[in-house]
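Q:
Number of protein chains: 2
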Amino acid sequence: MTTSRSTQSVRAVTLERPTSTAARDAIADGLEREALVTVFGRCTVDYEGRASSQLAAGDRHVMLKPDGAALVHTDEGQQPVNWQPPGCAHDVFCEPTRSEAESDDFDKSEKAKDAAEADADGGGSVADPNADAALLVLESTRSTPEERLLVRFQDVLQVSTFAGTDEGELTLSGTEADLRERILENPDLLESGFTPLATERDTPAGAIDIYGEDDAGNTVVVELKRRRVGPDAVSQLRRYVDALERDLHADATLRGILVAPSVTERAQRLLGEHGLEFVSLEPTGE
Amino acid sequence: MTTSRSTQSVRAVTLERPTSTAARDAIADGLEREALVTVFGRCTVDYEGRASSQLAAGDRHVMLKPDGAALVHTDEGQQPVNWQPPGCAHDVFCEPTRSEAESDDFDKSEKAKDAAEADADGGGSVADPNADAALLVLESTRSTPEERLLVRFQDVLQVSTFAGTDEGELTLSGTEADLRERILENPDLLESGFTPLATERDTPAGAIDIYGEDDAGNTVVVELKRRRVGPDAVSQLRRYVDALERDLHADATLRGILVAPSVTERAQRLLGEHGLEFVSLEPTGE
DNA sequence: TACTTGATCTCGAGA
DNA sequence: TCTCGAGGTCAAGTA
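Keeping their order, the protein sequence lines are chains G and X. Numbering-wise, the numbering used here puts 99 at position 99 of the first sequence, and it's gapless, one number per residue. In the numbering used here, each residue's number is its place in the second sequence (first place is 1) plus 1000.
Printed below as a string of structure tokens:
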């Protein structure tokens, strides 16, 4: 096993196949320094909170971020198999293996954690004599809502800590906001004679993307979507048109226009049934 | 720089502060072996596809999965700042630095990639003589839709490849499916005398979660949500009730019931306006 | 493939 | 803090 630990200016520290206690110390150090911590190894994962889940043992990549986020990734999928949102408190400790004590639930882990912390208080960073008989455990918790993620490693292949900086800003185009700007700059794209009067106009059912009137003076409710739309977008538009009709309790004709690159067939039919219209437009022009 | 590369049975390979070409070779090897590959370093990220984005230089953690997924994580947030879904083709190559050739866009990178591949074809794994003047570049692309992610590293702190196995299955409870089962097993939870007749009953507006009748013989449309609901859920329920009314074109009373742990005030009002009902239920009992 | 909807959705803006 | 809607949403089930 080799490391490149030397000074605080080291931006990346890596341990390969560390003992549980060495892993624990390196991770604790990384969390302390507000570094990004990664652990790869065979582990089980338990979650309890908004829902609850259990995951049997397998090789996974765990990332602990300094903002409190935790991510558990398998070798498949874009989404983590388990996670915890930013704002959590990360904790790391060692607990006895099952051969010594069955620890299959949260309560047992709580006891083990208390013991580990008591030990750490007393013994400093002295290596645990039972190092090889200890499991590395990562825990991320938060309140509101009360949630807890527990990752128990049977085997740790690698621990890394990364101290980085990132001031880079992301610029994104092709969003619904771009579609809105495009129409506001050239209202004729929607329909000749259209006049936007407000964006985000509030109704009892929510905010209308663009509120305006056509060249005949009819009120127009416009709902924008950056991509092909289904029935949900039609419902949304209908809800706003409905609310505005009640709100204005006027007899003036009220038009609802859905603006998107395209519509599904079912959505098209729903639009017709409710007297709503569709205009094909993409978020960005060529 | 140290590594623990030795045999194919090594499950994790790590390079610290590698040269661009060493990083390229290790990553190419990892991709070839269908390992999970991670790279940490200072990089810029460009995306073009369903939308388009640019991200200025910063320290980030990049993960390439053997299923084709790519993730770029900063030190903040649960979500990756950039990504690519499973099914993409990953590629790695070196391109000249800007001091030699301005390479600020996709076209230039394409040329550099072609050159790099031509070089690889001819020279095998021989180290590039301009290793220090080369940037490591990761590229993930797919079609339908055409999308491309390009990560250019100015500096690579660590490259790792992980060969793991994961047959562990996730069991999750507290979902909408659990709420449905709970009601089907004990329909009185919804209301005394309720009889479920079908789940996922199709209408022209979509599928109804639970379709049934009350003890008076009225048709009941039930929409389930695992958590507190807003106006969107009310719209959804209304859409189904509406569609069923048209579908059955009957005069029989049709009831719509939204089942969720709780409801927002605005949604509550909308329910009332449309003659819909609410029943408070959680996905799991105590 | 495309469609439809759930999700421990996440995230940001606004009240 | 809660509400509300967008998202390069993702992922699963279905036709």
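No residue lacks a Cβ here, since even glycine has one placed at the ideal position from N, Cα and C.
Tell me the DSSP bridge mates of Glu1245 (chain X)?
A: Per DSSP, none; premise fails for Glu1245 (chain X).
Q: What does the alpha-carbon distance come out to for the pair Thr2 (chain G) and Pro18 (chain G)?
A: Confidence at Thr2 (chain G) is low in this model, with a pLDDT of 47, below 50, so the placement of that residue should be treated as unreliable; the coordinate-derived value is given next. Those two C-alpha atoms are separated by around 9 Å.
Q: Is there at least one Cβ from chain X nearer than 7 Å to Ser280 (chain G)'s Cβ?
A: False, the Cβ-Cβ gap to chain X never drops below 7 Å.
Q: Count the CB pairs spanning the stretch 1189 to 1200 of chain X and the stretch 1038 to 1055 of chain X that are closer than 8 Å, and state whether there are at least three.
A: The stretch 1189 to 1200 of chain X vs the stretch 1038 to 1055 of chain X: no contact.
Q: Are Gly193 (chain G) and Asp209 (chain G) close, meaning C-beta to C-beta below 7 Å?
A: Not closer than 7 Å, so no.
Q: Going along chain X in order, which residues have a C-beta closer than 9 Å to the C-beta of Ser53 (chain G)?
A: Correct list: Leu1170, Thr1171, Leu1172, Ser1173 and Gly1174.
Q: In chain order, what residues of the same chain have a beta carbon less than 6 Å from the beta carbon of Gly1256 (chain X), not counting five sequence neighbours either side?
A: Here the set comprises Val1221, Leu1237, Val1241 and Leu1276.
Q: What are the uninterrupted segments assigned as beta strand (DSSP E) that are 3 or more residues long and contained completely in the stretch 201 to 226 of chain G, given in chain order?
A: If we require 3 residues or more, the beta strand (DSSP E) runs fully inside the stretch 201 to 226 of chain G come out as 206 to 213 and 219 to 224.
Q: For Arg239 (chain G), which option in X:Glu1273, X:Arg1226 and X:Thr1161 has the closest C-alpha, if you only look at C-alpha atoms?
A: Nearest C-alpha to Arg239 (chain G): X:Glu1273.
Q: Distance, Cα to Cα, Arg1011 (chain X) vs Asp29 (chain G)?
A: Taking the straight line joining both Cα atoms gives about 25 Å.
Q: Counting only Cβ-Cβ distances shorter than 9 Å, please list the residues of the stretch 1222 to 1247 of chain X near chain G, keeping chain order.
A: Listed in sequence order: Arg1226, Arg1227, Gly1230, Pro1231, Asp1232, Val1234, Ser1235, Gln1236, Arg1238, Arg1239, Asp1242, Ala1243 and Arg1246.
Q: Express the C-alpha separation of Val62 (chain G) and Val72 (chain G) in angstroms, rounding to a whole number.
A: Their backbone Cα atoms lie some 4 Å apart in a straight line.
Q: Does DSSP put Thr144 (chain G) in a helix, a strand or coil?
A: Coil.
Q: Is Asp1059 (chain X) buried or exposed, if buried means 16 or more other CB atoms sit within 10 Å of its CB?
A: Buried.
Q: With three or more C-beta pairs closer than 8 Å as the rule, is the stretch 244 to 251 of chain G touching the stretch 1181 to 1191 of chain X?
A: No, the stretch 1181 to 1191 of chain X is not in contact with the stretch 244 to 251 of chain G.
Q: To the nearest angstrom, how far is it from the Cα of Asp232 (chain G) to the Cα of Asp46 (chain G)?
A: If I take the Cα positions, the gap works out to 34 Å.
Q: Thinking just about the alpha-carbon of each residue, which of G:Gly164, G:Leu138, G:Ser160 and G:Glu32 is nearest to the one in Gln154 (chain G)?
A: For Gln154 (chain G), the nearest C-alpha among the options comes from G:Leu138.
Q: When the Cα of Cys1088 (chain X) is compared with those of X:Arg1266, X:Leu1149 and X:Ser1173, which residue comes out closest?
A: Considering only alpha carbons, the answer is X:Leu1149.
Q: Which residues in chain X sit within 7 Å of Phe40 (chain G), going by Cβ to Cβ distance?
A: In chain order: Ala1012 and Phe1162.
Q: So, with DSSP's three-state summary, where would you put Thr1014 (chain X)?
A: Looking at Thr1014 (chain X) - three-state DSSP - the assignment turns out to be strand.
Q: Of the residues X:Val1037, X:Glu1048 and X:Phe1040, which one's Cα is nearest the Cα of Glu1146 (chain X)?
A: When only C-alpha atoms are compared, the closest one is X:Glu1048.
Q: Answer with buried or exposed for Gly1285 (chain X), where buried requires no fewer than 16 other C-beta atoms within 10 angstroms of its C-beta.
A: Exposed is the call here.
Q: If the criterion is Cβ atoms closer than 7 Å, does the pair Ala212 (chain G) and Thr195 (chain G) meet it?
A: Per the sequence presented here, residue 212 (chain G) reads as Gly, with Ala not at that position. Going by C-beta atoms, Gly212 (chain G) is nearer than 7 Å to Thr195 (chain G).
Q: Report, in whole angstroms, the separation of the C-beta atoms of Glu1176 (chain X) and Lys1225 (chain X), which I expect to be a contact under 8 Å.
A: With 8 Å as the limit, Glu1176 (chain X) and Lys1225 (chain X) qualify as a contact, their Cβ atoms being about 7 Å apart.
Q: Which stretch, first to last residue, makes up the alpha helix (DSSP H) that contains Thr284 (chain G)?
A: That residue, Thr284 (chain G), is in no alpha helix (DSSP H); it is neither H nor E in DSSP.
Q: Are the C-beta atoms of Leu1036 (chain X) and some chain G residue less than 7 Å apart?
A: It does; some Cβ of chain G falls within 7 Å.
Q: Quick one: using the 10 Å Cβ neighbour count with 16 as the cut-off for buried, is Asp188 (chain G) buried or exposed?
A: By the neighbour-count rule (16 or more Cβ atoms within 10 Å), Asp188 (chain G) is not buried but exposed.
Q: Return the CA-CA distance between Val1126 (chain X) and Glu1034 (chain X), expressed in angstroms with no decimal places.
A: Note that Val1126 (chain X) scores a pLDDT of 47, beneath 50, so its modelled location is shaky and nothing firm can be said.
Q: Cβ closer than 7 Å: which chain G residues qualify as neighbours of Thr1074 (chain X)?
A: Those within 7 Å of Thr1074 (chain X) in chain G are Asp166.
Q: Report all residues from its chain with a CB closer than 6 Å to the CB of Asp1251 (chain X); omit the five preceding and five following residues, and keep chain order.
A: Closer than 6 Å at the Cβ level, and outside the excluded window around Asp1251 (chain X), lies no residue.
Q: Would Gly206 (chain G) count as contacting chain X if we go by Cβ distances under 7 Å?
A: Yes, Gly206 (chain G) counts as interfacial toward chain X.
Q: How about Ser20 (chain G) and Cys94 (chain G): do their beta carbons lie closer than 7 Å?
A: Result yes, Cβ atoms of Ser20 (chain G) and Cys94 (chain G) sit closer than 7 Å.
Q: So for Asp166 (chain G), helix, strand or coil by DSSP?
A: In this structure, Asp166 (chain G) counts as coil in the three-state DSSP scheme.
Q: Can you pull the DSSP bridge partners for Gly58 (chain G)?
A: In DSSP, Gly58 (chain G) forms a bridge with G:Cys43.
Q: If you measure from the beta carbon of Ser1103 (chain X) to each beta carbon in chain G, is any gap under 7 Å?
A: Model confidence at Ser1103 (chain X) stands at a pLDDT of 48, short of 50, so the residue's coordinates are unreliable; what they give is reported in the following sentence. No, its Cβ sits nowhere closer than 7 Å to a Cβ of chain G.
Q: When the Cα of Leu258 (chain G) is compared with those of G:Glu265, G:Val151 and G:Ser280, which residue comes out closest?
A: Nearest of G:Glu265, G:Val151 and G:Ser280 to Leu258 (chain G), Cα basis: G:Ser280.
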